[in-house]
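These notes concern the structure reproduced below.
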């Protein structure tokens, strides 16, 4: 492992010929993604939402009453799980890449009764950042989990008006979206996507996130009419959340595998809609690519 002592304590700084990034050991969270001309495409973690790009594991969203049942036991877990607040170890680091790891511990077993290894590898290559999330089941029984990325990009990018912003999906997205009811997956609504294009406006998020639980695309382009754009592609993730707080200048574009518990769901963890499964010894990979234009 390379890197200065201060980097190893707080996180790792990466750079390419086009971008510079910083990843914190707390939550293995990407905290900045800055171009050579000094423009940071990520939200700065301002008071209205003091995060940048939290990692969601081993659940995405909220559980009913913040609890779930599994094999005769009931476990408490708050929204989005514990990874975002956990200290990861730096496994290796170079000027262009870094890998972070979180292993099961007594603290995690108290709320998530599985032996796991969660690794997050960041690699900068020119204008592109690749993030690989690897979840390994170290136990002797099947493991059930969800995982999600939660990067918050500035909205708008550059000096364009918010109203000129849009998302262009890889494919048509005609399926209904889901909205939250009391923090849980609730009613369906007609898709706001017009063919492949979603015009962005604050009213979309007046009552929290919009959730694509039936998703055709594996990539999208976020653009704001300013000449700046972000291309995002993913593998392994099956769902997508979009979220902002009205009045705040960020847009979260969140590939997920899993989502909030549906209203009325009373099953076991392994029966939860959207849940991922890993056999003993199996590693599941979930990749995210962010390319700045």
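Residue numbers (the numbering used here): 76 to 368. C-beta atoms are modelled at their ideal positions from N, C-alpha and C, and glycine is treated no differently.
*residue 345 versus residue 328 - alpha carbon distance*: 26 Å
*asked:* Measuring CB atoms only, is the stretch 276–294 touching the stretch 243–251, in the sense that at least three cross pairs come out at less than 8 Å?
replied: yes
*asked:* Can you look up residue 197 in the DSSP assignment and give me helix, strand or coil?
replied: strand
*Which one of 122, 184 and 123 has the shortest CA to CA distance from residue 148?*
184
*When you compare each of 210, 88 and 87 to residue 362 by their alpha carbons, which one comes out closest?*
210
*residue 165 versus residue 175: straight-line alpha-carbon distance, rounded*: 5 Å
*Is it buried or exposed for residue 356, if we count other Cβ within 10 angstroms and need 16 for buried?*
exposed
_If you follow the alpha helix (DSSP H) that residue 360 is in, where does it begin and where does it stop?_
Per DSSP, residue 360 belongs to no alpha helix (DSSP H); it is in the beta strand (DSSP E), 358–367.
_I'd like to confirm the pairing. Which residues does DSSP put opposite residue 297 in its beta bridges?_
242 and 305
_Given this structure, state the Cα-to-Cα distance separating residue 239 from residue 273, to the nearest angstrom._
11 Å
*Which parts of the stretch 110–145 are runs of the alpha helix (DSSP H), unbroken and 4 residues or longer, counting only runs that do not cross its ends?*
none
*asked:* Can you tell me whether residue 279 is helix, strand or coil according to DSSP?
replied: helix
*residue 85 by DSSP, collapsed to three states: which one?*
helix
*Using the Cα positions of residue 279 and residue 321, report the straight-line distance between them to the nearest angstrom.*
9 Å
*With a cut-off of 8 Å on the beta carbons, I'd call residue 179 and residue 204 a contact; round off their distance for me.*
With 8 Å as the limit, residue 179 and residue 204 do not qualify as a contact, their Cβ atoms being about 28 Å apart.
*Can you list, in chain order, the residues of its chain whose CB lies under 8 Å from that of residue 171, leaving out five sequence neighbours each side?*
89, 90, 91, 198, 199 and 200
*Compute the distance between the beta-carbons of residue 156 and residue 132, then report whether it is under 7 Å.*
yes
*Can you tell me whether DSSP reads residue 354 as helix, strand or coil?*
coil
*In or out: residue 87 buried (at least 16 other Cβ within 10 Å) or exposed?*
buried
*asked:* Considering just the uninterrupted stretch of the alpha helix (DSSP H) at residue 184, what are its terminal residues?
replied: 181–184
*With residue 284 and residue 316 assumed to form a contact (beta carbons below 8 Å), what rounded beta-carbon distance in angstroms separates them?*
5 Å
*N-terminal and C-terminal residue of the beta strand (DSSP E) that residue 318 is part of*: 314–318
*Own chain, CB closer than 6 Å to residue 303, minus 5 neighbours either side, in chain order*: 232 and 233
*Which one of 256, 342, 106 and 318 has the shortest CA to CA distance from residue 145?*
342
*Selected residue, minimal CA-CA separation from residue 281, among 186, 255, 111 and 105*: 255
*Report yes if the C-beta distance between residue 96 and residue 130 is below 7 Å; otherwise report no.*
no
*What does residue 187 pair with, by DSSP beta-bridge criteria?*
BP columns for residue 187 are empty, so no partner.
*Thinking just about the alpha-carbon of each residue, which of 134, 137, 102 and 113 is nearest to the one in residue 128?*
102
*For residue 353 versus residue 332, is the C-beta spacing smaller than 7 Å?*
no
*Which term fits residue 123, buried or exposed, when burial requires 16 or more other beta carbons within 10 angstroms of its beta carbon?*
exposed
*What are the residues that DSSP puts in a beta bridge with residue 329?*
316
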